[in-house]
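According to mature numbering (1 follows the signal peptide of the UniProt record, and there is no 0), the sequence shown holds residues -19 to -1, 1 to 301 in order.
Below: the structure, in structure tokens.
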Amino acid sequence: MMLRVLLFTLTLLTAVAQAASPVVLQRPISLDTGSGELFGSLLLPQSDKPVPVVLIIAGSGPTDRNGNSADGARNDSLKRLAWVLARHNIASVRYDKRGVAASLAATPDERNLTLDAYVADAVAWGKLLKADKRMGPLIVLGHSEGALVAALAAPQLDPAGVISLSGSARPVDQVIRQQLADHLPPALLLRSNQILDHLKAGQVDADVPGPLEGIFRPSVQPYLISLFRADPSAAFAKLRMPALIIQGTHDIQVGVGDAQQLKKAKPDAQLAVIEGMNHVMRIVPNDVKQQLASYNDPQLPLAAELGSRLVRFIDGLQPH
């Protein structure tokens, strides 16, 4: 009898859990920008009324729609993030940036990439979603460098909200300087700062030492020049819609100080500092080996507080 009651209880709990989780439509989605086609993934919870939709913008370099990089990192951070949202009845679109993964053909030569093109693409995706009758309020979420793209795209989209997730408040050349200062020997550090000075001034520098090629190879320098012109704090300060800043305390790429600076730039923004969360949204000890290992562990769950903070912010937005 006891076993039967236990089995019935488990069956009931499973049914309740399934009823609480919406059925989610997974579909490929594409966008013709007029200068190349971009490809992404749509997660759409089935609903008899429009649901909020989050446009997820990936971070720097060859990072794809799922948060994975051709440079070696595979952690599915953005894919997992999209599913967290879907389970709370929030739709999302995440996409491969031009020049990356399925969208490689849109700009196959990285010498032709610019920050302005990334921003224009985000605006075009946002307009596509705003015109979709299945969608309710649009929220633009950028991770890492994507947070800057989100802030620059938002004034043209007038979304219901903007979310900066692990976004820098400082111009990116300052961030790179700080990161390299901790790891390079004096001679290479001097040369890297000279290259950064040239790029900041809008000049390419062809004399790149071998150890610095990964960061400053000549083919990526035009993009860096366009990127270094942007001031994330200034862009964030111009936002007139509700905003949420999320930053982890164990992020080895962006610090809590950046999040505080963004908050200072836009005092009415919400700030969530998540204890122990790192750059790929996992709770990981502040140990370099464990940090790096997490960048290649797609099975590691996302920080639970991240999901709750996102859902609370989105649920609190008024239709725009």
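Quick reminder that beta carbons are idealized off the backbone N, C-alpha and C, glycines included.
Look at residue i and residue j and say whether their C-beta atoms are less than 8 Å apart.
i: G123; j: I226; result: no
i: A218; j: A246; result: yes
i: A211; j: P140; result: no
i: V32; j: M116; result: yes
i: G127; j: G40; result: yes
i: N267; j: H231; result: yes
i: R92; j: S200; result: yes
i: D57; j: L19; result: no
i: L169; j: L193; result: yes
i: residue 302; j: Q202; result: Nothing about residue 302 can be read from this structure; the chain reaches only from -19 to 301.
i: V34; j: L119; result: yes
i: L133; j: A54; result: no
i: D239; j: A112; result: no
i: G17; j: A86; result: yes
i: V237; j: H260; result: no
i: P213; j: L146; result: no
i: Q271; j: I233; result: no
i: G148; j: L220; result: no
Which two residues bound the contiguous beta strand (DSSP E) that contains residue i?
i: Q228; result: A224 to G229
i: Q251; result: Q251 to I255
i: R75; result: A72 to Y76
Sorted by chain position, which residues of the same chain lie with C-beta nearer than 7 Å to residue i's C-beta, five sequence neighbours on each side aside?
i: K181; result: D154 and F209
i: P43; result: S50, A51, D52 and V81
i: V(-15); result: Low confidence applies here, because V(-15) scores a pLDDT of 44, under 50, leaving its location unreliable and the question unanswered by this model.
Assuming residue i is part of the alpha helix (DSSP H), what are its boundary residues?
i: S173; result: P167 to K181
i: L94; result: Run containing L94: none; DSSP gives neither H nor E here.
i: D212; result: Run containing D212: none; DSSP gives neither H nor E here.
i: V81; result: Careful: V81 lies outside any alpha helix (DSSP H) and carries neither H nor E.
i: V237; result: V237 to A246
i: I196; result: E194 to F197
i: G297; result: Per DSSP, G297 belongs to no alpha helix (DSSP H) and is neither H nor E.
i: R153; result: The residue asked about is misnamed: residue 153 is Val in this sequence, not Arg. Run containing V153: V153 to A162, per the alpha helix (DSSP H) assignment.
i: L66; result: S58 to A67
Residue i bridges to which residues according to DSSP?
i: D13; result: E18
i: M116; result: V32
i: Q27; result: According to DSSP, which records beta bridges pairwise, Q27 is partnered with nothing at all.
i: L122; result: I37 and I144
i: T88; result: Looking at the DSSP assignment, T88 forms no beta bridge with any residue, so it has no partner.
i: L6; result: L25
i: I264; result: M258
i: S275; result: S275 is not bridged to any residue.
i: S50; result: T44
Leaving out five residues before and five after residue i in sequence, what residues of the same chain have Cβ atoms less than 6 Å from its Cβ?
i: L23; result: R8, I10 and V74
i: V121; result: L36, A131, A135, P140 and V143
i: R263; result: S275 and L281
i: Q137; result: V104
i: H69; result: V292
i: S207; result: T95 and L96
i: D296; result: none
i: D45; result: D77, V81 and A82
i: A63; result: L24, S73 and R75
i: E286; result: I255
i: A67; result: V5, L24 and P26
i: I176; result: D186 and F197
i: G229; result: I255, M258 and N259
i: V65; result: G288
i: N47; result: D57, L59 and K60
Less than 8 Å between C-beta atoms, sequence neighbours within five positions excluded: which residues of the same chain meet that for residue i?
i: M222; result: A135, D139, P140, A141, G142, V143 and H301
i: Q251; result: P223, A224, L225, I226 and F294
i: R290; result: L225, I227, A253 and I255
i: Q198; result: Here the sequence assigns Arg to residue 198, which means Gln is not the residue at that position. Here the set comprises V189.
i: R172; result: P190 and L193
i: L298; result: P33, P118, I120, A141, G142 and P223
Quick check: is the beta carbon of residue i nearer than 8 Å to any beta carbon in chain C?
i: S207; result: Judged by its chain identifiers, the structure shown contains no chain C, having just a single protein chain.
When you measure from the CB of residue i to every non-hydrogen atom of the ligand HEM, does any distance come out below 7 Å?
i: I233; result: In the structure on display, the ligand HEM does not appear, and there are no ligands present to speak of.
Contact the region 159 to 168 vs the region 260 to 280: 3+ CB pairs below 8 Å: Taking 8 Å as the limit for Cβ pairs, the verdict is that the region 260 to 280 does not touch the region 159 to 168.
Any 3 or more C-beta pairs closer than 8 Å across the region 101 to 117 and the region 11 to 21: yes
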